[in-house]
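Asks: Quick one: structure below, then a few questions.
Protein chains in written order, with UniProt numbering: chain R, 1 to 478; chain W, 1 to 478.
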């Protein structure tokens, strides 16, 4: 029973801290011991013991929060029979560092008890030799399942389903089902319903465990089963399935092929991971990070994860710079413009990021259809207009006091309002356009909107100043 | 059985689209009918019928994606017996608009069948009159539970737990438990375990339903129960509990007070909502939005949701502007500086946002302790240094070609590298400091880091240029 392994959650952080202290102590002792040719002592044993007391899911968490050298030390100390569970629990980036530290023999030992769907999760990071050897140790059914799982993408239902199916016929009594279940040693995790199939494995319905417990044992399965359950197909989008799990409060659900044949099962634990990862990825993508990063990844890896968007940003910043370059002459005439222009650009960027974050989030939740684009746009323009007038006036008055020029204040206020309107339009239209082009609206959206409001803000502000100066409305210093 | 109400998920978007088309049609017909004194026709009936076919959780979703007038029309058409479920499912912002459209009588009718924990969710948005009336209709136990639920914050376990407890003693046989369960009409949702208590309601363990099914009915509960389950306390942080649910793959878990007395129950559905909301709030907070916004909120509401951070941004932008103002004379001498300075600030902001997003995320997952601050700082500094040298050189060379001044190129490269280093330090230190001060590290972190890299970037770049010009290394145009 897994429950008995678990300790109360409150002391977890304390225990992590203790382990970190032990790690420091051990590292010191190790150095000392090596220098003086002494055997390793107390801290090693204590470390081992503390680790043995931890649930494997906690070890996975601990490994993620340790720098590489400590991480590998802990990994060596963890009992090998828990390797497999831990490998499946850690993030992709951390898993890679752990696998790199294992030889083929150890990897095969860790993976040999995995189910087909678990092996499929691990497969992309295994060498061909290891994968072949693992394949050959599987029976025909398991091998077929592995191949099926590998044939789907990670973001498809088929890539996330498992094969631990408990199924029954609909013409037996609940009593028979109860007797049948007692013959098992263990159930698949998250079994809240049993699948009801016919002799061709076509899904006829589901029998919720609670119906099995609530009803008279003499009733037939067909009399109490739900014959219209939520079902999924292997080629469906996994995130859509996760949203359905959340919406309908599901714990497990059947996956059927186009003929209605039961081929697998989805469970809430995979869906929770997916919901967290999806929102997380969205956040990272908006900030211009390519993927989830192991926080202790090597410097070089981190550089690669980040530089694509930095390069894009460099190009957009360069364009903004050229926009300013257009107005060299204007700035020379009134150098105060150089000091004020970043305010216009900055507020625009901030406001645009607020809008785009909200829109991207609402899109992920399917709250936005193209039908209501114009209403949204209208609302955002209204919000920007009010903010522009209010904050534009504030900063316009400040500019007037600082530089003693009412016309400069007016340029400030107008530019700010116009740039906020630009930010609102772009904040709505960028993600909408990206979705129409079949792209992820979160991807680099923050970098893109900032690019627009920078170049746009400089152009609007300096352009207005140029006009005011040309028409002699604004006095110049030069 | 809830399962029979649910339709396959794939057609949901289609059905939403159909309903939106019907809404447009109905709005047109209504106008026409009113003008010509005709009765309402087909589209109304069809709309009603389509809505009746939808699961209440889908209606909640639909309501969130409709503008206010359509939303209230749909709300009127929804059968009143589903009002309560829908109200509990929609987001806080949307719920407010729905409640505003109901009179006290309707609200009381919708809320009268709610459990104490559900009422507690609704309570903050109800008028005192309504709340009093609902309170008086409750029995003593329910009223005590409601008061208990209201005494905890939304982010505490006590604010999220429900009271649907199924409990048994440990000295009875599984057969007795099975017979006892059959006397119920319905189980609490998400019942994957039954709580085992003594006569003082002290929790002794849990009996997983699967143990009930797998084992010989003659065995005693005490023989098969798990006596060391994961437990929670009402005053614990709810997000920590959600992480424990995810880590240990829990479906339900007991909540006990300091004496070990069973007082409530947590279930995975609430935890999934919380995980999604928490990540979402983090994302919105980083962008400087105060709270989740109804995307069709009134303009005025949206303005209020956003302007606090805009005001902060205005102040920081003003500071950056004053930093530039310090170097008025330098810019006058070499106006190219005005065009180049936003590049340095912009790239710094982008890079800083990458770092801070990663750190904030890792903090939410408890992967970062103060113990590893310095290692992280070291890594981030390394990444920035490499990016600074590479991209700084690129832009330095571009600046050299554009303005024909190698010293300007050198200033560009150095300033970029230094600003990226600043961004790295601030990206690590800002969230660490906020946590040390007991604040949410996500809150406005993006605005803060941008402020640092803007002011810092301008100061570094213009300061270096000033030095180069003062020492006669850089030629001036003015």
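For every residue, glycine included, the Cβ atom is placed at its ideal position computed from N, Cα and C.
By DSSP, does residue 124 of chain R sit in helix, in strand, or in coil?
Replies: helix
Asks: Pull up the CB-CB distance for residue 310 of chain R and residue 305 of chain W, whole angstroms please, since I reckon it's below 8 Å.
Replies: Actually they do not touch by this definition, with Cβ atoms about 31 Å apart.
Asks: For residue 344 of chain R, which three-state DSSP category applies?
Replies: helix
Asks: Should residue 86 of chain W be counted as a contact of the ligand COA given a C-beta to heavy atom distance under 8 Å?
Replies: For the ligand COA, the structure offers nothing, since it holds no ligand at all.
Asks: I'd like to know whether the C-beta atoms of residue 450 of chain R and residue 313 of chain W end up nearer to each other than 9 Å.
Replies: Contact: no.
Asks: Please go through the same chain and pick out, in chain order, the residues whose beta-carbon is closer than 6 Å to the beta-carbon of residue 104 of chain W, but skip the five residues on each side of it.
Replies: 130
Asks: Residue 346 of chain R versus chain W: which residues are under 8 Å apart at the beta carbon?
Replies: 313, 316, 317, 320, 450, 454
Asks: Mind checking if residue 379 of chain W is an interface residue toward chain R, Cβ cutoff 9 Å exclusive?
Replies: yes
Asks: Out of curiosity, what's the CA-to-CA distance linking residue 465 of chain R and residue 336 of chain R?
Replies: Across the structure, residue 465 of chain R and residue 336 of chain R are spaced so that their CA atoms are roughly 11 Å apart.
Asks: So, is residue 467 of chain W buried or exposed, given that buried needs 16 or more other C-beta atoms within 10 angstroms?
Replies: exposed
Asks: Report buried or exposed for residue 37 of chain W, applying the criterion of at least 16 other Cβ atoms within 10 angstroms of its Cβ.
Replies: exposed
Asks: Kindly list the residues whose CB is nearer than 6 Å to the CB of residue 455 of chain R, restricted to its own chain and excluding five residues on each side of it in sequence; keep chain order.
Replies: 319, 320, 323
Asks: Based on Cα-Cα distance, which residue from R/85, R/296, R/303 lies nearest to residue 288 of chain R?
Replies: R/303
Asks: Beta carbons nearer than 9 Å to chain W: which residues of the region 332-345 of chain R have them?
Replies: Cβ proximity to chain W below 9 Å picks out 332, 335, 336, 337, 338, 339, 340, 341, 342, 343, 344, 345 from the region 332-345 of chain R.
Asks: Taking the CB atoms as reference points, tell me whether residue 458 of chain W and residue 344 of chain W lie closer together than 9 Å.
Replies: yes
Asks: Could one say the Cβ of residue 113 of chain R lies closer than 9 Å to chain W's Cβ atoms, at least one of them?
Replies: So, not an interface residue.
Asks: Return the Cβ separation of residue 381 of chain R and residue 424 of chain R in integer angstroms, given the expectation that the two are a contact with Cβ distance under 8 Å.
Replies: 5 Å
Asks: Restricting to runs no shorter than 4 residues, where is the alpha helix (DSSP H) found entirely within the region 156-185 of chain R?
Replies: 157-160, 174-182
Asks: Relative to the C-alpha of residue 93 of chain R, which candidate in R/81, R/60, R/168, R/120 has its C-alpha closest?
Replies: R/60
Asks: Contact criterion: CB-CB distance below 9 Å. Does residue 245 of chain W meet it with respect to chain R?
Replies: Closer than 9 Å: yes.
Asks: Leaving aside the five residues before and after residue 175 of chain W along the sequence, list all residues of the same chain whose C-beta is less than 8 Å from its C-beta, in chain order.
Replies: 217, 218
Asks: Can you tell me whether residue 348 of chain W is buried or exposed? The criterion is at least 16 other CB atoms within 10 Å of its CB, across all chains shown.
Replies: buried
Asks: Tell me the DSSP secondary structure of residue 471 of chain R in three-state form.
Replies: Residue 471 of chain R: coil per DSSP, three-state reduction.
Asks: Which one of W/181, W/171, W/182, W/212 has the shortest CA to CA distance from residue 197 of chain W?
Replies: W/171
Asks: Do you know how far the Cα of residue 277 of chain W is from the Cα of residue 276 of chain R?
Replies: 10 Å
Asks: For residue 16 of chain W, which of helix, strand or coil comes out of DSSP?
Replies: helix
Asks: If you check the beta carbons only, do residue 435 of chain W and residue 363 of chain W fall under 9 Å apart?
Replies: yes
Asks: Indicate the three-state DSSP secondary structure (helix, strand or coil) for residue 213 of chain R in the structure shown.
Replies: helix
Asks: Run down chain R in chain order and give the residues with a C-beta less than 7 Å from the C-beta of residue 64 of chain W.
Replies: 367
Asks: Quickly, what does DSSP pair residue 197 of chain W with across the bridge? List them, please.
Replies: W/203
Asks: Does residue 405 of chain R come out as helix, strand or coil in the three-state DSSP assignment?
Replies: coil
Asks: State the DSSP-derived secondary structure class of residue 253 of chain R, mapped to helix, strand or coil.
Replies: strand
Asks: Taking the beta strand (DSSP E) that residue 263 of chain W belongs to, which residues open and close that run?
Replies: 262-267
Asks: When the Cα atoms are used, what is the spatial distance from residue 191 of chain R to residue 231 of chain R?
Replies: 16 Å
Asks: When burial is assigned at 16 or more other CB atoms within 10 Å of the CB, is residue 471 of chain W buried or exposed?
Replies: exposed
Asks: Could you check which residue in W/412, W/100, W/385, W/330 has the C-alpha nearest to that of residue 395 of chain W?
Replies: Per the Cα distances, W/412.
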